[in-house]
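With full-length UniProt numbering applied, the sequence shown corresponds to residues 1 to 356, in that order. Beta carbons are placed, not taken as given, at the ideal position from N, Cα and C, and that holds for glycine. Everything numeric in this text was worked out from a predicted model, so none of it was measured. Inspection log for the structure reproduced underneath, given as structure tokens.
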Amino acid sequence: MTSKIKIISYADLVDSLLANLPEREREVLQRRNGLADYSEAHTLEQIGRDFNITRERVRQIEKEGLKKVRALDAIKTKLSELKSAILEYLKLNGGLMSETHLKEKLLKEEIVKEIKSLDFILSYILSEEFNRVEDKEDYNVIWHLDDADLDESLEIASALKDLIEDHGNPLHLEDLANKFKSHKFYQSIEQKEGENQAILEALLRLRKDIASNILEQWGLVDWSTIKPKRMTDKAYLIMLKHGKPLHFAEVSDLINQANFDRKKACPATVHNELILDDKYVLVGRGIYALKDWGYQEGTVSDIISNILKENGSMTKNELLDEVLKQRMVQKTTVVLALMDKSKFARLNDGRYQLVK
């Protein structure tokens with residue numbers, strides 16, 4: 001996640017702003033928002049109990065502190081670069097973005113303290129300087145410019161959802177854009193400032209029921225190819241992304257690196273899923289491939305039989321080449337399989353054929 005902002009850090013920025021407040025107001029704001037040394041947000045009741053005051057009094061202190069922060073002279077200078085960046089990102093993305101999308105653009109690193117500090121700035125300081133629409137049933141929190149047509153944008157996002165749903169499978173942005181070109185709303189996208197695909201992504205991300213997967217394809221969040229829940233579905237996406245046979249232990253590691261959810265994969269569980277699901281074919285010692293890639297099930301002997309059925313008699317080297325396209329085994333393994341005289345016959349010219 002890259003950002004054009006050169007400020008020190010959001011945590012340092014918030015610390016410098018809150019340093020201007022009386023100690024109690026500063027602590028209340030820090031605790032309520034999980035800032036500074038507080039790893040999580042505290043409730044009004046927790047803070048009130050510690051200060052021996054009512055929840056309502058804590059709320060008043062919080063409100064007074066926010067009012068003072070917003071009135072600071074330093075706000076304009078310290079936040080000017082951030083405001084300019086928000087304005088620029090909104091323009092480049094068609095005039096509106098989901099808050100999550102905007103945060104991803106603004107964050108330099110996914111550090112909890114930085115995320116919470118940026119949340120505080122956006123929610124309590126800058127939200128009044130931009131148009132911020134609270135989330136609804138189908139839509140995320142949205143930030144937009146004054147001249148952005150929010151209603152039309154939501155209509156376009158809804159039309160994109162319908163297109164994806166009708167297609168029935170995940171789509172890359174480029175493919176989605178091509179399919180959408182015939183739609184009446186596409187002209188509206190072309191008239192907006194910014195790249196068409198960036199605007200398209202911004203529109204997709206407005207909706208809660210649309211997301212992208214690790215292959216950068218877009219689809220519905222309840223599709224297993226977008227937000228996989230079962231281990232076999234996670235393994236499938238990992239295999240597709242890497243495009244080559246993988247050892248089950250490596251698949252397990254890659255699933256954990258992908259952070260699909262909080263569930264950790266273990267090699268034994270992944271191995272069991274690969275064995276049980278016929279989408280996968282064992283092609284070597286613990287190494288699996290997708291059947292969709294053209295790999296055949298069976299032993300090395302079965303593979304040789306299938307090759308000879310399709311091609312007729314073949315030389316040993318020809319058979320080796322074909323078998324090794326299907327199995328990650330030693331050449332000697334193939335040669336040993338060919339010695340089974342009940343299945344394979346060696347002709348006078350050295351070629352092999354199936355026993356009739």
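For TRP218, the number of other beta carbons within 10 angstroms of its own is at least 16, and it is reported as buried.
GLY243 and LEU126 have their alpha carbons spaced roughly 44 Å apart.
Shown here, ASN131 sits in a strand according to DSSP, grouped into three states. Per DSSP, the continuous beta strand (DSSP E) segment holding GLN353 begins and ends at 352–354. Contact annotation: the segment 214–231 touches the segment 158–167, with at least three C-beta pairs closer than 8 Å. Annotated three-state conformation of PHE344 is strand, per DSSP. At a Cβ-Cβ threshold of 8 Å, GLY34 and GLU40 count as neighbours. Contact check between the segment 168–186 and the segment 73–83: fewer than three CB pairs, one atom from each, fall below 8 Å, which does not count as touching. Scanning PHE248, SER224, ASN213 for the CA closest to the CA of LYS241 turns up ASN213.
Runs of the alpha helix (DSSP H) spanning 4 or more residues and lying entirely within the segment 18–96 occur at 23–33, 44–51, 55–70, 74–92, in chain order. In the DSSP assignment, LEU145 falls outside any alpha helix (DSSP H) and carries neither an H nor an E.
The Cβ neighbour count for ARG26, taken over all protein chains shown within 10 Å, is at least 16; the residue is labelled buried.
Look at the UniProt domain "HTH HARE-type" (229–293) and you find these whole runs of beta strand (DSSP E), each 3 residues long or longer: 280–284, 287–290. With three or more CB-CB distances shorter than 8 Å, the segment 294–307 counts as touching the segment 327–340. Counting along the chain, LEU126 sits inside no beta strand (DSSP E), nor does DSSP assign it H or E at all.
Of the candidates THR225, LYS316, GLU134, THR225 places its Cα closest to the Cα of HIS172. Under the three-pair Cβ rule at 8 Å, the segment 277–287 does not count as touching the segment 308–324. In summary, VAL355 is exposed, with fewer than 16 beta-carbon neighbours lying within 10 Å of its beta-carbon over all protein chains present.
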